[in-house]
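*Asks:*
There are 2 protein chains.
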Amino acid sequence: MSENHDALGANSEAEGAVTRAQGFSACGFTAGIKESGLPDLALLVSDRPASTAAVYTQNQSTAAPVHISKAHTANGSLRAAVVNSGNANCATGEQGLADAREMTQLTASLIDCEADDVFVNSTGIIGHYLPMDLLRSAIPQLQPVPDGGADFARSIMTTDTFQKEAVATFEAHGVTYAVGGCAKGAGMIHPDMATMLSFFTTDAPVPADSLDACFRYAMDRSFNMVTIDGDTSTNDSAVILANGAAGGEPLTGKSLKAFDSALLAVSTALAKMMARDGEGATKRISITVSGTKTWEDARDVARTIAVSPLLKAALSKYDPNWGRILMAAGRAGVAYDLDRVRIWISDLCVFDGTATGVPEEEASAKTQGAEVFLRMDLGEGKAEATAWGCDLTEEYVRFNADYVT
Amino acid sequence: MSENHDALGANSEAEGAVTRAQGFSACGFTAGIKESGLPDLALLVSDRPASTAAVYTQNQSTAAPVHISKAHTANGSLRAAVVNSGNANCATGEQGLADAREMTQLTASLIDCEADDVFVNSTGIIGHYLPMDLLRSAIPQLQPVPDGGADFARSIMTTDTFQKEAVATFEAHGVTYAVGGCAKGAGMIHPDMATMLSFFTTDAPVPADSLDACFRYAMDRSFNMVTIDGDTSTNDSAVILANGAAGGEPLTGKSLKAFDSALLAVSTALAKMMARDGEGATKRISITVSGTKTWEDARDVARTIAVSPLLKAALSKYDPNWGRILMAAGRAGVAYDLDRVRIWISDLCVFDGTATGVPEEEASAKTQGAEVFLRMDLGEGKAEATAWGCDLTEEYVRFNADYVT
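Protein chains in written order, with numbering that gives the first Met the number 0: chain A, 0 to 404; chain B, 0 to 404.
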């Protein structure tokens, strides 16, 4: 996979990622939902039925379209995904459910399929009814095209400052397959199953049950390792469509593993872009926890460190405050012996049971880049996991204090 | 109990609270640990053995003095508590344990008791050894006096902007007893057992086992309902000494209940002061969740709302963003039906299954005072609980970015 990220973490070579796989088309549109006049409606279509897997927010205040999409993905098959930004269609009761259902019906009429072959979602402000007059006029005008992936990615953005797209290819039985994905951030992100909106496509023939297992594995190790602020969204979902358009036999065994690796590479790249584009963030924080008995222990400690506002605030001003790493790790619910713990900031070991005496200026210098690498070893075992977060700045507070209800 | 709080939530009539009960003396001292020259050493003494109960931080990166105090409170009896501020004696290995132990020995020599009758704690910066030369010189000079409670309360402060003291009295069998308490905040506060440093005294005769049950109940409903930032401290502890100096029979039954109520009143008053004095906070946020099946459900939802940075940021600028209340509540792990949920900002019902259409300016006006009252009813049962938090301001970030390692 290409790793040519710019300073913000975006990858221009991945532009149009969700339509790189064969048999997919997409588009974006300005329906007028956003007051800004920016694109706010997006459609992704497979030219044939695609097997599908999806994960949804665990938030109990679930938005209307999530209820509809859960029902529509239950049979493991989809033809299309329709999404609006600018309005979350959440906390909108019966009317909200009817509106989400109507979005799938309008889309089904356009591309000639059943309404339950359409995934639907919304992202934006909570508690307002969708402007259905705008959507009834806009959806029939949508014209998905084979190079429409970038427009799709742009149209699902809310508070994002750049598009998040990633693509990878893999070979199996002499066929080259593509896996593409795009996602939107940038707040209300915390590990609790798919806490952002994202779309993946592949032209590989992956049966729905294998797809589900691969997708959950990739989500657990990428999106579910990102935290921006500890809050979780009412709407966010991740969905993948595998339409088999590149031909070949259904993937199993080694070829399924190759798909798995490509999918994890794409989802990890998107997860890292998400962390880099956290609201108000000036840098990504990468936290590897090693030396635990299980992956789950390493995951829990890494995610707990990543969400600590005290650590995030310190790093925003280059303060290498490793005491806050210890403090944050301590509430993860994982037992360890402080005497055996070691902590590194980049390649500097700053704690080894007690302070190692690294001068503060030296450690501070390691926190100045666009990414800070922290590592904590618990000395209890051999498992490890990495989580990604971002610093906490005054801009985050300003931004979220002023965001319109 | 007196409720004459000033604008910041302090109660001047409670000054010297921990020495209001008979048989207690206390003092504060400037040992020179804090560069600021502010008092940084405090001693509380009972003139006779007191039964005791204590709760400690659940943080795995436990500070040295917490290990020592756990051992010293295990037998349910204490004579004194010695505390320094300005240095947490955390992440200091074997040396840290030896230093904490020596603090109890120095105190025991001063007041003529055993070292294991002394509770010890430290609060301040993590990862530095205690300046034992200063403490060896200072502790023998301490002169606890019967009206030293206010000096004690002042000397345990770190980032607090005001002293936190509260006092209540109750009667049993014709005897009037006092319960006093003081606490320090103001960051790294989140519900996970005793996440602040606090000291309670009473001259009532309460046996250690009853005292333990009463104390845990009061902590669960007061200190464990306060969150400032979701982080939890490595050092914090709450301890109570009951010395029976006011005489009378050991409390049981109705008289124990009277003690219980007085203790809960004192700890709740301190908890609310803590929330009001959160780092960078301009207001207290009081969140009552009702209509749940169990108190635990109400507690979990209330605490999860209280810690949401998105809601806290919105309220800092008077944005009555109830969508963020729904969003935050949704990740508490408590099941509910969004259609049955109601939300109030002060006395205004803003959500009743769907938006009620209250004009934003009207709701915003209810968020302008020194305390914002939020209520969420889940419509599932009859239990309720209240949590206290504070708003999130740019000042919190500035403060914590600049705090010295």
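Just so you know, even glycine gets a beta-carbon here, dropped at the ideal spot from N, CA and C.
Contact between the stretch 311-318 of chain B and the stretch 339-352 of chain B: three or more CB pairs below 8 angstroms?
*Replies:* Verdict: no, contact absent.
*Asks:* For a test of the three-state rule: what should DSSP assign to residue 146 of chain A, helix, strand or coil?
*Replies:* On the first sequence, residue 146 of chain A is found 147 positions in, with the first residue counted as 1. Looking at residue 146 of chain A - three-state DSSP - the assignment turns out to be coil, as it is neither helix nor strand.
*Asks:* For residue 387 of chain B, count the other beta carbons within 10 Å of its own beta carbon; 16 or more makes it buried, fewer makes it exposed. Which is it?
*Replies:* Taking the first residue of the second sequence as position 1, residue 387 of chain B is located at position 388. Result: buried.
*Asks:* Along the stretch 370-393 of chain B, where does the CB come closer than 7 angstroms to a CB of chain A? Name the residues.
*Replies:* Result list: 391, 392 and 393.
*Asks:* For chain B, is any of its Cβ atoms less than 7 angstroms away from the one on residue 303 of chain A?
*Replies:* Within the first sequence, residue 303 of chain A is the residue found at index 304, counting from 1. It does not: the Cβ of residue 303 of chain A has no partner Cβ on chain B nearer than 7 angstroms.
*Asks:* Kindly say whether residue 326 of chain A, judged by its beta-carbon, lies nearer than 7 angstroms to any beta-carbon of chain B.
*Replies:* What you label residue 326 of chain A is simply residue 327 of the first sequence in a count that begins at 1. By this cut-off, residue 326 of chain A is an interface position.
*Asks:* Cutting at 7 angstroms between CB atoms, please list the residues of its own chain near residue 247 of chain B, excluding the five before and the five after it.
*Replies:* The residue given as residue 247 of chain B occupies position 248 in the second sequence. These residues qualify, in order along the chain: 171, 172, 174 and 204.
*Asks:* With a cut-off of 8 angstroms on the beta carbons, I'd call residue 303 of chain A and residue 330 of chain A a contact; round off their distance for me.
*Replies:* Here residue 303 of chain A refers to the residue found at position 304 of the first sequence. Here residue 330 of chain A refers to the residue found at position 331 of the first sequence. The pair is a contact, with the Cβ atoms about 6 angstroms apart (cut-off 8 angstroms).
*Asks:* Return the CA-CA distance between residue 6 of chain B and residue 369 of chain B, expressed in angstroms with no decimal places.
*Replies:* Walking along the second sequence from the start, residue 6 of chain B turns up at place 7. Walking along the second sequence from the start, residue 369 of chain B turns up at place 370. Annotation note: pLDDT 47 at residue 6 of chain B (below 50); position unreliable, no value reported.
*Asks:* Provide the residue span of the alpha helix (DSSP H) that contains residue 338 of chain B, from first to last.
*Replies:* Mapped onto the second sequence, residue 338 of chain B falls at position 339. From DSSP, residue 338 of chain B is part of no alpha helix (DSSP H); its letter is neither H nor E.
*Asks:* With 16 other CB atoms within 10 Å as the buried threshold, where does residue 234 of chain B fall?
*Replies:* Reading the second sequence from its first residue, position 235 is the one you call residue 234 of chain B. Buried.
*Asks:* From the DSSP output, read off the bridge partner residues of residue 344 of chain A.
*Replies:* Your numbering for residue 344 of chain A matches position 345 in the first sequence. DSSP lists A/347 and A/373 as partners of residue 344 of chain A.
*Asks:* For a cutoff of 7 angstroms on Cβ pairs, would you count residue 316 of chain A as touching chain B?
*Replies:* Here the question's residue 316 of chain A lines up with position 317 in the first sequence. Yes, residue 316 of chain A counts as interfacial toward chain B.
*Asks:* Kindly indicate which residue of A/280, A/176 and A/295 has the alpha-carbon position closest to the one of residue 262 of chain A.
*Replies:* On the first sequence, residue 262 of chain A is found 263 positions in, with the first residue counted as 1. Checked all of A/280, A/176 and A/295; the closest Cα to residue 262 of chain A is A/176.
*Asks:* Cβ of residue 169 of chain A within 7 angstroms of Cβ of residue 17 of chain A?
*Replies:* The count along the first sequence starts at 1 and reaches residue 169 of chain A at position 170. The count along the first sequence starts at 1 and reaches residue 17 of chain A at position 18. No.
*Asks:* From this set, A/106, A/78, A/59 and A/351, which residue's C-alpha is nearest residue 90 of chain A's C-alpha?
*Replies:* If you number the first sequence from 1, residue 90 of chain A lands on position 91. Of the candidates A/106, A/78, A/59 and A/351, the one whose C-alpha sits nearest the C-alpha of residue 90 of chain A is A/59.
*Asks:* Do residue 45 of chain B and residue 22 of chain B have their C-beta atoms closer together than 7 angstroms?
*Replies:* By one-based count along the second sequence, residue 45 of chain B stands at place 46. By one-based count along the second sequence, residue 22 of chain B stands at place 23. Going by C-beta atoms, residue 45 of chain B is nearer than 7 angstroms to residue 22 of chain B.
*Asks:* Where does the unbroken beta strand (DSSP E) through residue 163 of chain B begin, and where does it stop?
*Replies:* Counting from 1 along the second sequence, the entry for residue 163 of chain B is found at position 164. From DSSP, the beta strand (DSSP E) with residue 163 of chain B extends over 163-171.
*Asks:* Nearest-angstrom Cα distance between residue 162 of chain B and residue 153 of chain B?
*Replies:* Along the second sequence, read from residue 1 onward, the residue named residue 162 of chain B stands at position 163. Along the second sequence, read from residue 1 onward, the residue named residue 153 of chain B stands at position 154. Taking the straight line joining both Cα atoms gives about 6 angstroms.
*Asks:* Among all the DSSP beta bridges, which residues are the ones paired with residue 200 of chain A?
*Replies:* Counting from one through the first sequence, the residue named residue 200 of chain A turns up at place 201. Its beta-bridge partners are A/179 and A/240.
*Asks:* Could you say if the stretch 83-98 of chain A and the stretch 348-361 of chain B meet the contact criterion of at least three C-beta pairs nearer than 8 angstroms?
*Replies:* These segments touch.
*Asks:* Classify residue 275 of chain A as helix, strand or coil using the three-state DSSP reduction.
*Replies:* Counted from its first residue, the first sequence places residue 275 of chain A at position 276. Note: residue 275 of chain A maps to helix in three-state DSSP.
*Asks:* What are the partner residues of residue 122 of chain A, as DSSP defines its beta bridges?
*Replies:* The residue labelled residue 122 of chain A in the question sits at position 123 within the first sequence. Residue 122 of chain A is bridged to A/84 and A/86.
*Asks:* Just verifying my parser: in three-state terms, what is the DSSP assignment at residue 287 of chain B?
*Replies:* Counted from its first residue, the second sequence places residue 287 of chain B at position 288. The answer is strand: DSSP assigns residue 287 of chain B an E or B state.
*Asks:* For residue 332 of chain A and residue 301 of chain A, what's the separation of their Cα atoms in angstroms?
*Replies:* Mapped onto the first sequence, residue 332 of chain A falls at position 333. Mapped onto the first sequence, residue 301 of chain A falls at position 302. Roughly 12 angstroms separates the two Cα atoms.
*Asks:* Around the C-beta of residue 251 of chain A, are 16 or more other C-beta atoms found within 10 angstroms, so that it is buried, or is it exposed?
*Replies:* Counting from 1 along the first sequence, the entry for residue 251 of chain A is found at position 252. Answer is exposed; the Cβ neighbour count stays below 16.
*Asks:* Can you list, in chain order, the residues of its chain whose CB lies under 8 angstroms from that of residue 349 of chain B, leaving out five sequence neighbours each side?
*Replies:* For this step, residue 349 of chain B is matched to residue 350 along the second sequence. Same-chain partners within the cutoff: 319, 321, 342, 343, 355, 357 and 362.
*Asks:* I'd like to check one pair, residue 35 of chain B with residue 88 of chain B: are the Cβ atoms closer than 7 angstroms?
*Replies:* What you label residue 88 of chain B is simply residue 89 of the second sequence in a count that begins at 1. What you label residue 35 of chain B is simply residue 36 of the second sequence in a count that begins at 1. No, the Cβ-Cβ distance between residue 88 of chain B and residue 35 of chain B is not below 7 angstroms.
*Asks:* Just checking: is the beta-carbon of residue 335 of chain B within a distance shorter than 7 angstroms of some beta-carbon in chain A?
*Replies:* The residue labelled residue 335 of chain B in the question sits at position 336 within the second sequence. With 7 angstroms as the cut-off, residue 335 of chain B counts as an interface residue toward chain A.
*Asks:* Is residue 112 of chain A near residue 135 of chain A, with beta carbons less than 7 angstroms apart?
*Replies:* To locate residue 112 of chain A, count along the first sequence from 1; it is residue 113. To locate residue 135 of chain A, count along the first sequence from 1; it is residue 136. Their beta carbons are not under 7 angstroms apart, which means residue 112 of chain A does not touch residue 135 of chain A by this criterion.
*Asks:* Which value, in whole angstroms, describes the spacing of the CA atoms of residue 288 of chain B and residue 110 of chain B?
*Replies:* Locating residue 288 of chain B in the second sequence gives position 289, where the first residue counts as 1. Locating residue 110 of chain B in the second sequence gives position 111, where the first residue counts as 1. Roughly 47 angstroms separates the two Cα atoms.
*Asks:* How many whole angstroms separate the CB atoms of residue 280 of chain A and residue 389 of chain A, which I take to be in contact at a CB cut-off of 8 angstroms?
*Replies:* One-based indexing of the first sequence puts residue 280 of chain A at position 281. One-based indexing of the first sequence puts residue 389 of chain A at position 390. Contact flag correct, Cβ pair sits at about 3 angstroms.
*Asks:* From this set, B/83, B/50 and B/61, which residue's C-alpha is nearest residue 33 of chain B's C-alpha?
*Replies:* Residue numbering aside, residue 33 of chain B sits at position 34 when the second sequence is read from its first letter. Selected option, being the one with the closest Cα: B/83.
*Asks:* Classify residue 392 of chain B as helix, strand or coil using the three-state DSSP reduction.
*Replies:* Sequence index remark: in the second sequence, residue 392 of chain B carries index 393 (1-based). Looking at residue 392 of chain B - three-state DSSP - the assignment turns out to be coil, as it is neither helix nor strand.
*Asks:* Residue 244 of chain A: which of A/50, A/371, A/391 and A/334 sits nearest, CA to CA?
*Replies:* Mapped onto the first sequence, residue 244 of chain A falls at position 245. When each option's Cα is compared against that of residue 244 of chain A, the closest is A/50.
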